Structure formats: structure tokens, C-alpha cells
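Participant:
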């Protein structure tokens with residue numbers, strides 16, 4: 186850290202040659218190469234040496250497999266400073282799309298010449314430069330260390346530069362990780378509505394309110410954002426996700442429809458929003474619309490295991506397009522062989538086809554991967570019953586009840602314990618397992 190401070194101090198004195206040399210030495214032959222070069226580029230940019238800063242970032246791009254979002258954000262700012270707006274806009278769209286994280290929201294405002302956009306000159310002081318270094322260290326530590334350690338560094342950054350928007354957001358995020366939701370909400374509230382970071386901070390505040398058990402307050406914020414930022418797709422997407430988790434599917438559908446419309450206007454629809462809306466349609470028993478969304482999601486990303494699994498499982502559950510459905514699930518398993526949900530789908534698909542013996546090892550693996558999941562445990566009990574292992578079936582059903590299943594599932598499990606799976610199936614208008622098992626043997 187002393188070398189970083191020295192580098193910024195040299196820059197503050199106008200001695201850029203020695204400053205650059207120090208930052209180059211910090212990263213030489215170490216894992217800190219990207220960090221030190223980002224510090225160097227930020228220092229050069231802060232003191233108006235835009236060409237040199239841009240060269241530093243572009244060299245970093247050439248020599249690294251992956252560079253940070255901060256580095257890419259700085260590149261956009263530098264291109265704008267050098268009057269390369271067309272290139273800046275193209276690079277921004279390629280990297281950030283419709284995203285509204287703290288970098289993207291601010292950068293969009295800069296690209297669009299918004300007066301509230303924060304610019305490079307904000308860090309034009311020795312204190313702000315050192316504050317940025319502390320922030321950058323905290324950002325590196327946030328995923329790999331005790332959040333208390335990262336919080337210490339970001340608090341130092343805030344002490345040196347209390348107006349650092351990124352430091353405020355990182356402090357709030359770390360407080361959330363520590364379960365300090367009320368403190369995180371207070372931190373997010375420090376971002377002014379006039380700030381280009383406001384939308385990002387409000388979305389963060391929603392998460393802190395939700396995780397702190399204040400569901401209605403979080404929802405109020407989301408509805409407010411959907412009005413104030415009505416042309417930002419991810420706001421409506423976030424509202425849809427929130428409502429879907431609350432099982433308010435009709436409201437979620439409206440939010441997702443608006444998000445998809447906005448994304449389509451900008452030619453950047455992602456598989457994620459189509460998948461989420463598809464689940465919502467399915468829960469509303471609008472299967473044709475659900476299937477259309479799932480298939481469109483797979484057109485965008487054919488190897489998305491969760492979509493393959495959900496669509497395949499749903500088709501099998503409906504008794505439709507069974508060969509295609511099993512092919513989808515088998516592909517999903519090959520992509521994520523350690524996903525209990527997906528392995529369960531494969532076993533359950535085989536169960537629905539009457540291939541009980543083939544299904545058992547897959548279901549047992551799913552139960553190993555998800556040992557306290559009530560649905561997987563219930564399914565394992567059904568398979569044991571189907572092959573005549575009735576005592577083991579009842580044991581698994583009782584275990585499933587102990588894992589707090591949904592009410593309708595618990596009611597059905599108790600009925601199976603009372604009269605057996607086959608009679609339950611017959612009462613539901615379905616074939617008993619004994620008929621299909623004869624075909625499997």
C-alpha cells in the first residue's frame with residue numbers, strides 16, 4: 186500500500202514518470218498486475234493524461250484474458266474525453282447492454298451527455314486517488330476474504346473521500362453480506378436522487394429491504410422505480426422477479442411483458458427474462474405462452490441447462506413430446522451432472538415413462554445431491570413403491586414430510602401412506618404403476 190500512496194503522491198507533484206514506474210513495479214511478476222495497471226490508468230486519467238491512460242487500458246486488454254468492469258468503464262470514459270463518442274457508444278453497448286449496475290448507469294448518462302453524470306475529474310486529488318486505491322483493494326477482497334476485512338478498506342476509502350459513490354455502494358453490499366440489512370439500507374440512502382448511481386443504489390436497497398424481511402417496503406421501491414425509470418428494461422425485469430418469488434404471478438407477468446418490450450426495442454432480449462416469464466406463464470396455466478418463451482430462450486442460448494430442464498420436465502409432466510423432452514433433460518444432465526434438480530428431472534421422466542428400474546439409480550443420485558429436499562425424497566419413495574420396495578417407499582415418504590413440503594404435496598404424501606401410490610394414481614384418473622412396471626420388465 187505504501188508504494189501505491191507514493192505513486193499517487195508523485196503524480197500529485199507532477200512527476201508522472203516516477204509515478205508510472207512505481208505502478209509498473211507493483212505488478213511486475215505478480216498477481217497484482219491488473220490491479221496496478223488499473224491504478225496507473227486511473228492516476229493518468231485523473232490528471233488529464235487521457236491518451237496515456239487509454240493506452241494503459243488497451244495494453245491491459247491485450248495482455249489479460251479478462252479485465253475488470255472498472256477497467257472497461259474507464260475505457261468508455263477515456264474515449265469520450267478524447268472525443269471518440271462513436272467508438273465509446275459501440276464499446277459501451279457491447280460490454281454493458283441494458284445493464285444498470287453502478288458503472289453502466291453512470292456511463293449511459295455520460296454517453297448521452299447527461300448533466301448529472303460523474304466524470305473522471307472527481308478523483309482529481311491526492312486524497313481521492315488514495316481513496317480509490319483502498320476501494321480497489323476492498324473490491325478485490327470482497328469475494329475472497331472475510332467481509333469485515335474488505336469493509337475496513339472501504340471505510341478507509343470513505344474517510345478519505347466521503348463522496349465516493351462506488352465506495353458507498355460497496356460498503357452497502359458488504360453490510361448485506363454480513364446480514365446487517367438495516368445498515369445497508371442506510372448506506373444505499375446516501376446516494377442522491379440526482380446521482381447517476383441512484384438507480385443502482387435503489388435496486389441494492391430493494392435487496393437489503395427484502396432480505397431484512399421488509400417485503401412491502403421493497404416492493405414499494407420497485408414500483409416507484411418502474412415509474413421513474415419506465416424505459417429501463419432491467420427495472421421491470423427486477424420487479425417481475427420480485428413478484429414471481431412472492432407468487433404474485435399476474436402482476437409479475439405485466440412487469441415481464443414491459444421488460445421484454447423494452448429489450449426488443451433495443452435488440453438485446455436475453456434468455457433470462459424469457460425463461461422467467463415462461464415460468465410465470467406456466468404458473469398461470471398459460472402453457473402455450475410458456476412453451477413459446479422457453480423455446481425462444483433456447484434459441485438465444487441452446488445450451489442453457491435450466492431452461493432445457495424446465496421445458497423438458499414440463500412436457501413430460503403434461504405427457505407431451507416425450508422423446509424430445511427426454512432428449513432435452515439428458516442434454517441438461519450432461520451440462521450440469523451435479524445438479525440435483527436436473528438429475529431428479531431425468532429420473533422422474535423415466536418414471537413417467539414407466540422405466541422404473543432405469544430411473545432408480547438416477548433418483549438415488551439426486552437424493553444424494555439434495556438429501557433434505559421434500560420433492561426429490563417423495564419421488565424416490567414413488568420409485569421404490571413402483572418396483573415393489575414398499576417399506577422403503579413409506580420410509581422415504583415419511584422423510585419427505587419431515588422436510589416441510591408444500592401443503593398440497595404433504596396432503597398427497599399422507600394419502601399415499603394411507604392407501605398406497607397405486608390407489609392414489611387411480612383416484613386421480615391415472616394408470617397404476619403396476620401396469621407400467623409390467624412393460625418395463
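Residue numbers (my numbering): 186 to 626.
Every residue gets a Cβ at the ideal spot worked out from N, C-alpha and C, and that includes glycine.
Just so you know, these numbers come straight off a predicted model, no measurement behind them.
Quick one: what's got a C-beta closer than 7 Å to residue 520's C-beta in the same chain, skipping five residues either side?
Facilitator: 488 and 490
Participant: So residue 186 and residue 314 are supposed to be a Cβ contact under 8 Å. How far apart are they, rounded?
Facilitator: So it is not a contact: roughly 13 Å between Cβ atoms.
Participant: Quick one: what's got a C-beta closer than 8 Å to residue 345's C-beta in the same chain, skipping five residues either side?
Facilitator: 312, 313, 315, 316 and 319
Participant: Of the choices 350, 465, 439 and 202, whose alpha-carbon is the least far from that of residue 432?
Facilitator: Cα-wise, what sits closest to residue 432 is 465.
Participant: Would you call the stretch 353-361 in contact with the stretch 372-389, where contact means no fewer than 3 C-beta pairs closer than 8 Å?
Facilitator: Flag = yes, the stretch 353-361 and the stretch 372-389 touch.
Participant: Does DSSP put residue 559 in a helix, a strand or coil?
Facilitator: helix
Participant: The alpha helix (DSSP H) spanning residue 387 covers which residue range?
Facilitator: 383-396
Participant: Does residue 559 pass the burial test, meaning 16 or more other C-beta atoms within 10 Å, or should it be called exposed?
Facilitator: buried
Participant: Unbroken alpha helix (DSSP H) runs of length 4 or more, entirely within the stretch 310-353: which are they?
Facilitator: Along the length of the stretch 310-353, whole alpha helix (DSSP H) runs at least 4 residues long occupy 311-326 and 332-345, reported in chain order.
Participant: At the level of alpha carbons, what is the spacing between residue 234 and residue 324?
Facilitator: 25 Å
Participant: Buried or exposed, going by whether 16 or more other CB atoms sit within 10 Å of the CB of residue 557?
Facilitator: In this structure residue 557 is exposed. Its beta-carbon is surrounded by fewer than 16 other beta-carbon atoms within 10 angstroms.
Participant: If you measure between the beta carbons of residue 252 and residue 246, is that distance less than 8 Å?
Facilitator: Taking C-beta atoms as the reference points, residue 252 and residue 246 count as a pair closer than 8 Å.
Participant: Using the three-state DSSP reduction, which class does residue 278 fall into: helix, strand or coil?
Facilitator: helix
Participant: Which residues in the same chain have their Cβ closer than 7 Å to the Cβ of residue 257, if we skip the five residues on either side of it in sequence?
Facilitator: 280
Participant: Suppose you measure from the CA of residue 590 to the CA of residue 571; what does that come to, to the nearest Å?
Facilitator: 21 Å
Participant: With burial defined as no fewer than 16 other Cβ atoms inside 10 Å of the residue's Cβ, what is the status of residue 443: buried or exposed?
Facilitator: buried
Participant: Could you tell me which whole alpha helix (DSSP H) segments of length 4 or greater appear in the stretch 400-437?
Facilitator: 400-413 and 418-430
Participant: How far does the alpha helix (DSSP H) with residue 255 in it reach, from first residue to last?
Facilitator: Its alpha helix (DSSP H) spans residues 254-266.
Participant: Measuring alpha carbon to alpha carbon, tell me which residue in 535, 514 and 585 is nearest residue 527.
Facilitator: 514
Participant: Which residue wins for smallest C-alpha separation from residue 479, given the options 451, 510 and 453?
Facilitator: 510
Participant: Verify whether the separation of the beta carbon atoms of residue 627 and residue 494 is less than 8 Å.
Facilitator: The structure shown does not extend to residue 627, since the chain is modelled only from 186 to 626, so the question has no answer here.
Participant: Given residue 272, which residues of its chain have a CB within under 7 Å of its CB, disregarding the five upstream and five downstream residues?
Facilitator: 264
Participant: Counting along the chain, where does the alpha helix (DSSP H) carrying residue 695 start and finish?
Facilitator: It is not possible to answer for residue 695, since the shown part of the chain is limited to 186 through 626.
Participant: Report buried or exposed for residue 376, applying the criterion of at least 16 other Cβ atoms within 10 angstroms of its Cβ.
Facilitator: Residue 376 is classed as buried because its beta carbon has at least 16 other beta carbons within 10 Å across all chains shown.
Participant: For residue 199 and residue 232, what's the separation of their Cα atoms in angstroms?
Facilitator: 9 Å
Participant: Given residue 608, which residues of its chain have a CB within under 6 Å of its CB, disregarding the five upstream and five downstream residues?
Facilitator: none
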